[in-house]
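Visitor: In the working numbering, each residue carries its 1-based index in the sequence shown increased by 67.
All C-beta atoms, glycine included, are put in the ideal place defined by N, C-alpha and C.
Owing to the predicted nature of the structure, the values given are computational and were not obtained by experimental measurement.
Below is a structure I'd like to ask you about.
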Amino acid sequence: MGNKQVHKWMMAAAVSAMVFGSSANYINAEEQKVEKPKNIIMMIGDGMGTSYTTAHRYMKDNPETMEVESNLFDPYLVGMHDVSSLDKYYDGGAEDEKESITDSAAAGTAMSSGVKTYHGAIGVDLEHKETKTVLEEAKELGKSTGLVATAQINHATPAAYAAHNVSRENYNEIADDYYDEKINGEHKVDVLLGGGTDFFAREDRNLTEEFKKDGYDYATTADELAAADGDQLLGLFAPVGLDYAIDRPKEQPSLAEMTTKALDTLGKNDEGFFLMVEGSQVDWAGHDNDIVAAMSEVEDFEKAHKKAIEFAQKDGETLVITTADHSTGGMTVGAGGPYNWDAEPVKAAKHTPDYMARQIVEDGADVEKTLQDNIGFDVTEEEIASVEKAIESASGDDRVTEVDNSIEAIFNERSGTGWTTDGHTGEDIPVYAYGPGADLFTGQIDNTDHAKNIFQLMDKSSEAEEGGELADTSAAYPAGIVLGAVIAGAGGILLFRRRQMNKA
C-alpha cells in the first residue's frame with residue numbers, strides 16, 4: 068500500500084473520530100442541560116416528503132447562477148424521522164400487516180402524544196384510550212394554544228392535537244370536542260384558524276355562535292381576520308378546506324397571514340404558548356398527482372415557516388419545529404429518462420389543473436383558450452387534443468376528474484415529474500428546528516419523539532414515556548459510533564504497518 072493511500076485512510080480515521088466523537092454530546096439526552104423554550108411552534112407540511120422540498124428548491128433556483136439556491140427550510144435541517152404506524156383499523160378489524168405506512172391521523176397522534184396507534188385514530192391508542200397531547204399539557208401549564216390549517220380545522224392533523232375520537236371521519240364530533248372539552252374550566256384551544264364552516268355552523272348545532280358567546284372573535288374573511296384583536300379567535304374561511312394557494316381568492320387568507328395572526332394573538336400570554344400550523348394541502352396535491360398544486364402549497368407553507376422563524380429570531384424564547392407527517396404520491400424529481408427536472412412549466416402556471424378543469428367542464432369554457440390563459444406556455448395540438456379526448460370519454464362526475472388528470476399530465480410531462488401512487492409513501496421525513504431545544508431533534512428520530520421531546524421541554528413526560536426521560540436521540544448514533552471506532556482502529560493498524568514498512 069502506497070504512502071498516499073495510507074495517508075487517505077489515516078485522514079478518514081481522524082475525520083471519523085472527530086465526527087462520531089462529537090456525537091457523544093447527544094448520546095444521553097437526559098443528561099443534557101437543555102435550554103427550555105417559552106413558546107413552541109410545531110409546523111407540519113402534510114405529505115411534504117423530501118421530493119417536495121427538493122423540487123421546491125429547484126423552483127427557487129436562479130438560472131443565472133451556477134449553484135442551486137437554497138429554500139427557506141434548508142438552513143434549519145437537523146435530522147429525519149420515520150413514518151411507521153400500528154396498522155389496526157379503527158373499525159375493530161384485524162391487523163393488516165400490509166399497511167405499516169402511516170395515515171395523517173395516526174401520525175398526528177404519534178407527533179402530538181408520543182403514542183403509536185392505528186390508522187384513523189384521533190388522540191386515542193389501540194384500545195381507544197385517550198392519549199394526552201402536548202397542546203393539552205401546554206394549556207394545563209397556563210399557556211395559550213392554537214391550531215392553524217388550510218384544511219378544515221377539524222381535519223386529522225389538527226384534530227389529533229386537541230380532540231379524541233376513534234375515527235378521523237367523525238368531523239362533527241371532533242368540532243364539538245373543540246368547544247365541549249375544557250381544561251381548568253377554559254376552552255382547550257384559544258386560536259382556531261382554517262376551513263370548516265360546514266362542521267361548525269350545522270343544523271343541529273351552531274358552534275360559531277357558542278364560541279362567540281364565550282368571547283371569541285369570529286372571522287370568515289381575510290379582512291375580518293386582520294381586524295380581529297381579541298385574546299381568543301375562531302376563523303373559518305371555507306365550507307371545508309381552503310382553495311389551493313395558487314387558486315385562492317383574496318377573501319381567503321394565506322397560511323402566512325393566519326400564522327402571523329395566531330402568533331400575534333397567542334403572544335400576549337406571558338406564560339407562553341403552543342401553536343401547531345399545518346400546510347394541509349401539500350398532501351391533497353400529492354394524492355391528486357398535481358405538481359402545480361403541490362409546489363404552490365409548499366410555497367405557501369414556506370412563507371408561514373418564514374413567519375415562524377422570524378418570530379422566534381426576534382423573540383429568542385421560541386422553538387420552531389418544521390416537518391411533515393409522511394410523504395404522498397411517490398413524487399419523482401426527474402422521470403421518463405432524461406436527467407432533468409424543469410421547474411419552468413410549473414412556474415408558468417397561473418392556476419391548478421383542477422381549476423382549469425372546472426372552468427372547462429362546469430362553466431363550458433373553451434379548451435384551447437383556457438389552457439393558453441392559465442398554463443403560461445404555448446400548448447401543442449396534441450396537448451389540446453388530449454384534454455378534448457378526456458371530455459368526450461368521461462361522463463357525469465368523472466368528467467372533471469378526467470379533464471383534471473389530462474391537464475396534470477401536461478405539466479408532469481413538461482417538467483419531468485413522476486408519481487408512483489395516489490397514496491402515502493414510507494420514506495423518512497426531514498426535520499427542521501430552530502431555537503431553544505432544537506438539538507433534541509437532531510439525527511434519526513421516531514415520529515413519536517416530537518411529542519416526547521416537547522413534553523420534556525414543558526417539564527412533563529408523555530404517557531408513552533413515564534419517568535420524565537427525554538426521547539433518546541442516541542438511537543441515531545450507536546452504529547455510527549461503532550463505525551467510527553472501527554475506522555479509527557483500522558487507521559491505527561495502517562499507521563503501524565506504515566511504520567513497519569518504513570523500518571524495512
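Would you report the Cα separation of P420 and I474, rounded to the nearest angstrom?
Guide: 5 Å
Visitor: For A518, which option in G116, M115, L202 has the closest C-alpha, if you only look at C-alpha atoms?
Guide: L202
Visitor: Helix or strand or just coil, what does DSSP make of D284?
Guide: strand
Visitor: Where do the N-terminal and C-terminal ends of the alpha helix (DSSP H) with A216 fall, by residue?
Guide: Counting along the chain, A216 falls outside any alpha helix (DSSP H), though it belongs to the beta strand (DSSP E) covering 211–219.
Visitor: On the criterion of 16 or more Cβ atoms from any shown chain inside 10 Å, does A294 qualify as buried, or is it exposed?
Guide: Under this definition A294 is an exposed residue.
Visitor: May I have the straight-line CA-CA distance separating H148 from V256, to the nearest angstrom?
Guide: 27 Å
Visitor: Looking at the secondary structure, which residues open and close the beta strand (DSSP E) in which G510 lies?
Guide: 510–512
Visitor: Going by the beta-carbon positions, is the gap between V428 and V470 smaller than 8 Å?
Guide: yes
Visitor: Are E204 and F508 close, meaning C-beta to C-beta below 8 Å?
Guide: The Cβ atoms of E204 and F508 do not sit closer than 8 Å to each other.
Visitor: So, for Y285: in the same chain, excluding its five sequence neighbours on each side, which residues have a beta-carbon less than 7 Å away from its beta-carbon?
Guide: T275, F278, K279, L301
Visitor: For V434, report the span of its alpha helix (DSSP H) as first-last.
Guide: 434–442
Visitor: Rounded to whole angstroms, what's the CA-CA distance from D158 to A242? Just pull it up for me.
Guide: With a pLDDT of 49 at D158, under the threshold of 50, the modelled position of that residue is not reliable, and no figure is offered here.
Visitor: Check G31 in the structure and name its three-state DSSP category.
Guide: The chain is shown only over 68 to 571; residue 31 falls outside these bounds and no answer can be derived.
Visitor: If we call anything under 8 Å between Cβ atoms a contact, is Y228 one with L214?
Guide: yes
Visitor: Just to check my reading of the structure: I442 and A415 have Cβ atoms closer than 8 Å, yes? What is that Cβ distance to the nearest angstrom?
Guide: 7 Å
Visitor: Would you call the region 308–318 in contact with the region 487–501, where contact means no fewer than 3 C-beta pairs closer than 8 Å?
Guide: no
Visitor: By the three-class DSSP mapping on this structure, what secondary structure does F522 have?
Guide: helix
Visitor: Give the C-beta separation of V349 and G114 to the nearest angstrom, bearing in mind that I take them to be a contact with Cβ-Cβ under 8 Å.
Guide: 5 Å
Visitor: Classify T327: buried if its beta carbon has 16 or more other beta carbons within 10 angstroms, exposed otherwise.
Guide: buried
Visitor: For E217 and L322, which I take to be in contact (beta-carbon distance under 8 Å), what is that distance rounded to the nearest angstrom?
Guide: Glu is not the amino acid found at residue 217; the sequence shown has Thr there. With 8 Å as the limit, T217 and L322 qualify as a contact, their Cβ atoms being about 6 Å apart.
Visitor: For the alpha helix (DSSP H) holding N472, just list the boundary residues, first then last.
Guide: 465–482
Visitor: Assuming contact is defined by CB atoms lying nearer than 8 Å, are G175 and T224 in contact in what I supplied?
Guide: With respect to T224, G175 sits close: the two C-beta atoms are nearer than 8 Å.
Visitor: Whole angstroms is fine: what's the gap from Y119's alpha carbon to I376's?
Guide: Near 20 Å, if we compare the C-alpha coordinates of I376 and Y119.
Visitor: When the Cα of V413 is compared with those of E364, A268, D141, which residue comes out closest?
Guide: Comparing Cα-Cα distances from V413 to each of E364, A268, D141, the minimum goes to E364.
Visitor: Which same chain residues end up closer than 7 Å to L144 when comparing Cβ atoms and leaving out the 5 residues on each side of it in sequence?
Guide: Within its own chain, the residues whose Cβ lies closer than 7 Å to the Cβ of L144, once the five positions on either side in sequence are excluded, are P497, Y499, listed in chain order.
Visitor: Drop a sphere of 10 angstroms on the beta-carbon of L303, count the other beta-carbons inside from all chains shown, and report buried for 16 or more, exposed for fewer.
Guide: buried
Visitor: Opposite T385 in the DSSP bridges: which residues?
Guide: Residue pairing by DSSP puts T385 in a beta bridge opposite N106.
Visitor: What residue does the alpha helix (DSSP H) around P499 start on, and which one ends it?
Guide: Strictly speaking, residue 499 in this sequence is Tyr, with Pro absent from that position. Taken as a continuous stretch (DSSP letters only), Y499 belongs to no alpha helix (DSSP H), being part of the beta strand (DSSP E) at 496–501.
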